[in-house]
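The next block holds one structure in the form of structure tokens; read it before the comments.
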Amino acid sequence: MLTLFVIITLLVSALVGVVVIPRIIIISKKKKLFDEISERKLHHGNIPRLGGVAFLPAFIFSVALIMGVRYFGGWEISAWSLETDVFQEGMFLLAGLTMVFFTGLADDLTGLTYKSKFVVQILVSLLLVYGGCGIGNLGGLFGIHAVPTSVGTILTVLVCVLLMNAYNLIDGIDGLCSGLSLLTLGALGIWFTWNNLYVYGIMVAGIVGVVSVFFFYNVSSKRMKIFMGDTGSLTLGYLIAFFGLKFYNMNVETAMFNTPAAPAVFLGMVFIPVFDTIRVFFVRIKAGLSPFYPDKRHIHHKMLRLGLNHFQSSMTIIFMQACFVVLNVLLKDININILFFLDLILGFIMIYGIDFLGKRNKKLL
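Following this line, the structure appears as structure tokens:
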């Protein structure tokens, strides 16, 4: 019965997206709120960039409505359930999401320095720690298990900041950020629902619905095309960090679930955005540049140089990410360090393979 609440939440969120996103497009066009065109941009023409404005309202409305109906109907949370901490987590999560929303909106409308966004990212990451989502155990990664609170706080902040930047920076071509987010959120949502953690399943559904509608307008629509902007990508990165940390901690801190290599499995779920961001940062630093220097070194740029269009590039990258998800789920019972290094090795093979094909394609031309 409770699985039905997850499905209804997804539908309500999607309905909000269907109602709100077209109106955002119309208002953006009337007010000329378009994504700026530059050498680094990969699109042509005036396209609104405020699609992400719909994400937070749709998430809050759908989750609040369905959870209200759940309580009104008497389907309360069991006292023994791990879901009993959701109120404290939810309050800090909403506080953080509000800060992320307005930071992204300000950046989309007027522009912010990466330093300003970085400060906000640290603050909202700390809110997740206070909400009880901090890392306290590495689950055997590098032979380490329990870690001091201070170390766990630093690691939590690093993970959250990395994920927000990873999904922000991967948002370079049509459908890529939203498609990768739907894949990761879908995997996490299925896991929560399968393990009877319906509150988190409902919360995941609350963002998946509206992002699915956005994906359609971003990829399939020409006259009503829209980008998510920093408002959307930062929101998605933050929510993925929250749900990912819940998945991580529920597996590492309790004996109720059977995912021994949970930290590596979660890395597999977000591997391409995270690996690509870290790789690009190191390449830029090695070249004597700022890690935030705008260039065309990301994986989607490499795909475009192969001669693929935006849609083909996005679908190829999403397919590769899906392979990482499936691989990590299938190998969840092996040693965590073996799985971790297997992901890294496959990541380097993936990048070098794309580079090789790019050079070959250039020679043929």
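Numbering (numbering that gives the first Met the number 0), first residue to last: 0 to 364.
Where a beta carbon is used, it is the ideal one built from N, C-alpha and C, also for glycine.
{"Check": "For the ligand FAD, is there a heavy atom less than 7 Å away from the beta-carbon of Phe33?", "Outcome": "Absence of the ligand FAD is noted for the structure shown, with no ligands found whatsoever."}
{"Check": "Tell whether a beta-carbon distance below 8 Å holds between Thr234 and Leu96.", "Outcome": "yes"}
{"Check": "What are the start and end residues of the alpha helix (DSSP H) that includes Pro147?", "Outcome": "Looking at the DSSP string, Pro147 is not in any alpha helix (DSSP H), and its letter there is neither H nor E."}
{"Check": "Below 8 Å on the Cβ atoms is my guess for Val279 versus Arg296; work out the distance and round it to an integer in Å.", "Outcome": "5 Å"}
{"Check": "Assuming contact is defined by CB atoms lying nearer than 8 Å, are Val119 and Ser61 in contact in what I supplied?", "Outcome": "no"}
{"Check": "Which residues does DSSP pair with Pro47 in a beta bridge?", "Outcome": "Phe33"}
{"Check": "Under 8 Å, do Leu10 and Gly138 count as touching if we go by C-beta distance?", "Outcome": "no"}
{"Check": "Tell me the rounded alpha-carbon separation between Ile277 and Val158.", "Outcome": "12 Å"}
{"Check": "Between which residues of its own chain and Trp79 is the CB-CB distance below 7 Å, once the five residues before and five after are set aside?", "Outcome": "Reliability fails at Trp79, whose pLDDT of 45 lies under 50, so the model's placement of it is uncertain and the value that follows must be treated cautiously. Around Trp79: no qualifying Cβ."}
{"Check": "CA-CA distance, Arg222 and Met90?", "Outcome": "39 Å"}
{"Check": "Which first and last residues belong to the alpha helix (DSSP H) in which Tyr237 is found?", "Outcome": "Gly228 to Val251"}
{"Check": "Opposite Asn136 in the DSSP bridges: which residues?", "Outcome": "Ala145"}
{"Check": "What residues in its chain sit with their C-beta under 6 Å from that of Gly243, if we drop five residues either side in the sequence?", "Outcome": "Phe265"}
{"Check": "Does the structure place the stretch 144–153 close enough to the stretch 164–172 that three or more beta carbon pairs sit under 8 Å?", "Outcome": "no"}
{"Check": "Count the other C-beta atoms from every protein chain shown that fall within 10 angstroms of the C-beta of Thr8, then say buried if there are 16 or more, exposed otherwise.", "Outcome": "buried"}
{"Check": "Report the start-end ranges of each beta strand (DSSP E) in the stretch 242–306 that is 3 residues or longer and not cut off at the edges.", "Outcome": "none"}
{"Check": "Just to confirm before moving on: does the CB-CB distance between Thr258 and Gly103 stay below 8 Å?", "Outcome": "no"}
{"Check": "Output yes or no for whether 8 Å exceeds the beta carbon distance between Leu356 and Leu288.", "Outcome": "no"}
{"Check": "Considering only C-alpha positions, which residue in the set Phe191, Leu32, Phe270 and Phe71 is nearest to Leu162?", "Outcome": "Phe270"}
{"Check": "What separation, rounded to the nearest whole angstrom, lies between the Cα atoms of His42 and Lys29?", "Outcome": "Residue placement at His42 is flagged as unreliable, the pLDDT there being 46, under the threshold of 50; the coordinate-derived value follows with that caveat. Rounded to the nearest angstrom, the two C-alpha atoms are 20 Å apart."}
{"Check": "Go ahead and pull the three-state DSSP assignment for Ile225.", "Outcome": "coil"}
{"Check": "Alpha carbons only, please: which of Asn217, Val52 and His144 is nearest the one belonging to Phe100?", "Outcome": "Val52"}
{"Check": "Out of curiosity, what's the CA-to-CA distance linking Glu88 and Asp342?", "Outcome": "30 Å"}
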